[in-house]
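Read the structure below first, then the notes.
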C-alpha cells in the first residue's frame, strides 16, 4: 500500500515540520490539484465540502441581506415583487439544500467520524468522493436554473402554485433531486462505517456522542430523502407535462403534496439539527473536562428524535384542512420530540456540574447554542399546541422559530465545530480574542435579527410579504439592523480564520487537552489517520478522572 | 396585567371570543417558558462560574445521573408540554367545530382578492360585513392556488384550497374594521391580497343587509324598466370602470400610460401589439375578451403570464362593459406605439 490514499500522488514530499518523516500529514501528502480532486481520503473530501458549503453559505447570506434591505420600507425598496419572490425562494433553497443539510455531516462528519472510530477511512471511500460530485452536479444544475429565470414558489414548492407558475421550476427541482442522492450516499456510508469500522474497545456505548448523532442523522437521510426525491420528480412532471397529480380539476389533491413534502422536510429539520447536538456534546465535554452527564440518555434521545421525528410532519398543516383529530395526534407527537430535546439540554447543563470550565470560543458558541435551542425549542412546542398555531401559522413567528432552532442551533454548532476542530484540521491556532468578539457579535446579531421577527409574528405579519402595512415597519427595521450586525460577525470570522490558516501558530497535537477519541491522532492527521499498529481505546471518550483515582465505572 | 403583556408581546387588539382563549394560553406558555428557561440559564451560569478551570489539565469526578434525576428530566417538561397541549387542543376543537346557530358566509380566494357571498345575497369583494356577538361560520375555498384567510384581530386562520371547502368560525366581540391578510404564498401580488372585515352592531347589520338586498332588487327592476333614454355606451363605460376596480384589473394595468405588471389600458384599443411569439396583433374587442378569458393565449411581448383567467367570473355584459371602458381610454395625444415591457425587470 502506498503511504498516500490519494490516487494521483504517490511520491509527495513530506512537509519540513513533520515529525513522522514517512507519514506526511494529509494536507501535504500530494500537492497537485488532481491529488485533491480525485482523492479518496475522507479528510480531504471533508475539506472540499467545507469549501463549497461556505461558498453557498455566502450566496444564501447575500440573498438574506437583500431580503432584509427590501423589507426596510413598507413599499418597494430596492427590487420589484417578482425579484423579491425569487430572492426569498433562492435564500431558502441555497441555505437548506446546499448549506445546512450537508454542513455538519458532510464536512465534520466526514472528517471526524473515522478518526473518532479509530478507523483509517470511511467504509466506502470512493462512494464518499462520488457523493461530493453528485452534490456539485446537483448544485450546478440548480444554480443554472436559478440564473436562467429562477423560481418564485418559496422553498416549499406548494402545489398548485408550483405547477402553474411560469418561472423556471424544473431545473431547480431536478437539481435538488440530484443533491438528495448525495445525502443518501453519505448516510449509507456513515451507517456502514459505524457498524463495521469501530476500533477494538469502541463498543456502541463507547462511541463519542458526535458519532451517535451522525448515526441517527444518517438513518433519517437514508429513509426520508427518497420521499422528497419522488415528490420533486412528481412536481417537475406536473409542471412540465401537466400530470394532474396535485390538480383538483383532474382528480388530484394539492394537500397530498404537503403531506409528502413534510414527511421529508420535517425529519430534514433533524438532519440539520441532530449533528449540531452531537457537536455540542463534544464541545461541552472538552471545555468542562467532564464525561457527558447521562451519556446513554443523550445517545438514546438522538435515536428517539430520529424515530418520532418521522411522525410529527402534520404539525405543519394544522390549518391546511386536515382533520381535527389528525391535528391532535400530530400535536402530541410534537410534544414528545420536545421532551427528547429537553433531556439533552438538561444533560448538557448537568455535564458542567463539578466540571472545570474554560471559556474559549467554542464554549461561547455552546452558550449561544443553549439559548437558541431552549427558545427555538420552546417556541416549537408552543406552535405544537395546535390552537396557538392557528394564529401564528405562516406568520413571522414561524420564520423566527425555525431560524432559532434550525439555523441558530446549526450555525452555533457549525462555528463551534470550525473553531474546536480548526487545530485538528489545519494544525494551526486562531486568535482567541477575535474569536470571542465574533461569537458575541453573532449571538447578539442573531437575537437582534429574529426576536423582532417573533414580535412581528405576534403582531400578525405574514411571511413572504413583499409589501406590508405600515404598522410593521419599526420591527422590520430592527430586524434588518440585527442582520447587519450578524453579517459583520461573519466577516470578522472569515478574516481571522483566513489569517490563521496562513500565519497561525502551530497548535500541537491536542491544544485543548481534550480526551475525545479524535485527538489521539496527530493534528493534522496523516493520510491514514493512525501510524503504527491499530490503536486501542481502553477508556470511554471524555474520561477526565485522575488516573490515580480512576476505577472503571460500572454505570455509564 | 394582561394588557401590559399584550403590549410587550406586540399582540394586536383582540376582537373575537377565540382571541381571548388564544391570548390566555399564549400568556401561560410564555410565562412558564420564561420562568423555566431563566432557571436553566441561571443554573448554567452558576456552574460556569463555580466550576471554572483552575489547572490546565484539571481532573474531574466521574458523575452520572441517578435514575431519579433522569426521571425528573423527562417528566417535568412532559407534564408542562401535555398541559399546554391539552388546553390548546381543546381550543382547536372549539374553533373547528362551529355552533349550530352560526351564520354562514362563503369565502372564495383567488389571485389576488377575496370574494364573500351570503346564502341570500349579496356578494362582495374584499369587504366582509358581519354582525357583532354572533357566531359566523366561514366556508372557504379557492379558485386557483392555495390562499389562507387570516384575521389577526380574531386570531383565526384557515387555508383556502381549490376543489374543496374548509371551515372555521368566529364570534366578533367589538364593532370595528379589521384587516384580512392572505398568509399562504400565492404568487406575484400575495402581499397585496388584503381585505377587511367590518363588524357592525346587530341592528346596523340588519339594516345593511336589508339595504343590500333591496338594492339588488332595485337593479333587477331597473333592468326590466325601459331605460332607452339613458345613453347606453356611457353607462357601460362607467360600469366598466367600476368593474375594472372591483375585479382587480387596475392592480396590474394602469390607465395613465405608466408601466406596470400588465400593459396599460390607456390607448390599448386599436393599438398594434407585438406578441411574445414574434407575431403582431391589433387589439380589438375579440382580443381583449380573449385576454380576459384565456390570458396566456396571446401574450404581449415582455410581459409574464401572471394574469388569472376571468372565465366564469365575469358575466357577458360585464365583460362587454370592461371592453367599452378600455375603448374609452383612447386619447389622440398619447403614444400609440406598442407596450414597452413590464414595470419590473425579468431575471435573465
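Protein chains in written order, with full-length UniProt numbering: chain Z, 1 to 556; chain X, 1 to 348.
From the three backbone atoms N, C-alpha and C, an ideal C-beta is built for every residue, glycine too.
Chain X residues whose Cβ lies nearer than 8 Å to that of residue i
i: residue 358 of chain Z; result: 52 and 53
i: residue 164 of chain Z; result: 144 and 145
i: residue 467 of chain Z; result: 191 and 192
Closer than 9 Å to chain Z by CB, residue i
i: residue 249 of chain X; result: no
i: residue 349 of chain X; result: Outside the shown range of chain X (1 to 348) lies residue 349 of chain X, about which nothing can therefore be said.
i: residue 228 of chain X; result: Reliability fails at residue 228 of chain X, whose pLDDT of 49 lies under 50, so the model's placement of it is uncertain and no value is given.
i: residue 233 of chain X; result: Any answer about residue 233 of chain X is weak, because its pLDDT of 49 lies below 50 and its placement is not dependable; what the coordinates show is given next. Judged by the 9 Å Cβ criterion, residue 233 of chain X is not in contact with chain Z.
i: residue 162 of chain X; result: yes
i: residue 341 of chain X; result: Unreliable placement is indicated for residue 341 of chain X, whose pLDDT of 49 sits below 50; the coordinate value is still reported in the next sentence. Chain Z contact via Cβ: absent.
i: residue 195 of chain X; result: no
i: residue 305 of chain X; result: yes
i: residue 302 of chain X; result: no
i: residue 275 of chain X; result: no
i: residue 81 of chain X; result: yes
i: residue 20 of chain X; result: no
i: residue 153 of chain X; result: yes
is_contact[residue i, chain X] using C-beta, thresh 9 Å
i: residue 326 of chain Z; result: no
i: residue 68 of chain Z; result: no
i: residue 259 of chain Z; result: no
i: residue 255 of chain Z; result: yes
i: residue 282 of chain Z; result: no
i: residue 507 of chain Z; result: no
i: residue 206 of chain Z; result: no
i: residue 297 of chain Z; result: yes
i: residue 4 of chain Z; result: Since pLDDT at residue 4 of chain Z reaches only 42, below the 50 mark, its modelled position is unreliable, and the value read off the structure follows with that caveat. No - not a single Cβ of chain X is within 9 Å of the one on residue 4 of chain Z.
i: residue 546 of chain Z; result: yes
Among the options, nearest to residue i - alpha-carbon criterion
i: residue 13 of chain X; options: X:177, X:202 and X:283; result: X:177
i: residue 409 of chain Z; options: Z:62, Z:220 and Z:281; result: Z:281
i: residue 313 of chain Z; options: Z:263, Z:324 and Z:352; result: Z:263
i: residue 35 of chain X; options: X:80, X:54 and X:284; result: X:80
i: residue 151 of chain Z; options: Z:248, Z:315 and Z:91; result: Z:91
Per DSSP, cross-strand counterpart(s) of residue i
i: residue 159 of chain X; result: X:148
i: residue 52 of chain Z; result: In DSSP, residue 52 of chain Z forms no bridge with anything.
i: residue 171 of chain X; result: X:135
i: residue 506 of chain Z; result: Z:428
i: residue 282 of chain X; result: X:272
i: residue 108 of chain X; result: X:115 and X:141
i: residue 212 of chain X; result: For residue 212 of chain X, which the question treats as bridged, DSSP gives no partner whatsoever.
i: residue 25 of chain Z; result: Z:526
i: residue 140 of chain Z; result: Residue 140 of chain Z is not bridged to any residue.
i: residue 358 of chain Z; result: BP columns for residue 358 of chain Z are empty, so no partner.
i: residue 401 of chain Z; result: Answer by DSSP bridge pairing: none, since residue 401 of chain Z is not bridged.
i: residue 179 of chain X; result: X:196
i: residue 52 of chain X; result: Z:357
Interface flag, residue i vs chain B, CB-CB below 9 Å
i: residue 26 of chain X; result: The chain inventory of the structure shown lacks chain B, comprising the protein chains Z and X.
Chain-ordered chain Z contacts of residue i [CB-CB under 7 Å]
i: residue 213 of chain X; result: Residues of chain Z passing the Cβ test: none, with the nearest at roughly 32 Å.
i: residue 91 of chain X; result: 387
Where residue i meets chain X, residues with beta-carbon distance less than 7 Å
i: residue 382 of chain Z; result: 29
i: residue 370 of chain Z; result: 44
i: residue 458 of chain Z; result: 9, 10 and 11
beta-carbon residue i near the ligand HEM non-hydrogen atom, thresh 8 Å
i: residue 344 of chain Z; result: What this structure holds is no ligand at all, so the ligand HEM is not there to describe.
Under 8 Å from the C-beta of residue i: neighbouring residues of chain Z
i: residue 157 of chain X; result: 319, 390, 391, 393 and 394
i: residue 186 of chain X; result: 161
Neighbour list for residue i in chain X, Cβ cutoff strictly below 9 Å
i: residue 171 of chain Z; result: Simply none; closest approach about 14 Å.
Beta-carbon neighbours of residue i, restricted to chain Z and to distances below 9 Å
i: residue 109 of chain X; result: Neighbours of residue 109 of chain X on chain Z: none; closest Cβ ~12 Å, over 9 Å.
Three or more C-beta pairs closer than 8 Å, one from the region 396-403 of chain Z and one from the region 455-471 of chain Z: is that the case here? yes
With three or more C-beta pairs closer than 8 Å as the rule, is the region 169-177 of chain X touching the region 129-139 of chain X? yes
At least 3 beta-carbon pairs within less than 8 Å: the region 217-225 of chain Z vs the region 306-321 of chain Z: yes
Looking at C-beta atoms only, is the number of pairs between the region 72-92 of chain X and the region 356-371 of chain Z that lie closer than 8 Å three or more? no
Counting pairs of Cβ atoms below 8 Å between the region 45-62 of chain X and the region 20-31 of chain X, do you hit three or more? no
Under 8 Å, with one C-beta from each stretch per pair, do the region 124-139 of chain Z and the region 39-48 of chain Z reach the 3-pair mark? yes
Contact the region 134-141 of chain Z vs the region 189-203 of chain Z: 3+ CB pairs below 8 Å: no
Determine, using beta-carbon pairs with one atom in the region 379-394 of chain Z and one in the region 353-363 of chain Z, whether at least three such pairs fall under 8 Å. no
Is it a yes or a no for the region 166-179 of chain Z touching the region 265-275 of chain Z, going by three-plus beta-carbon pairs under 8 Å? no
For the structure I just gave you, are there three or more beta carbon pairs, one from the region 278-294 of chain Z and one from the region 199-208 of chain X, closer than 8 Å? no
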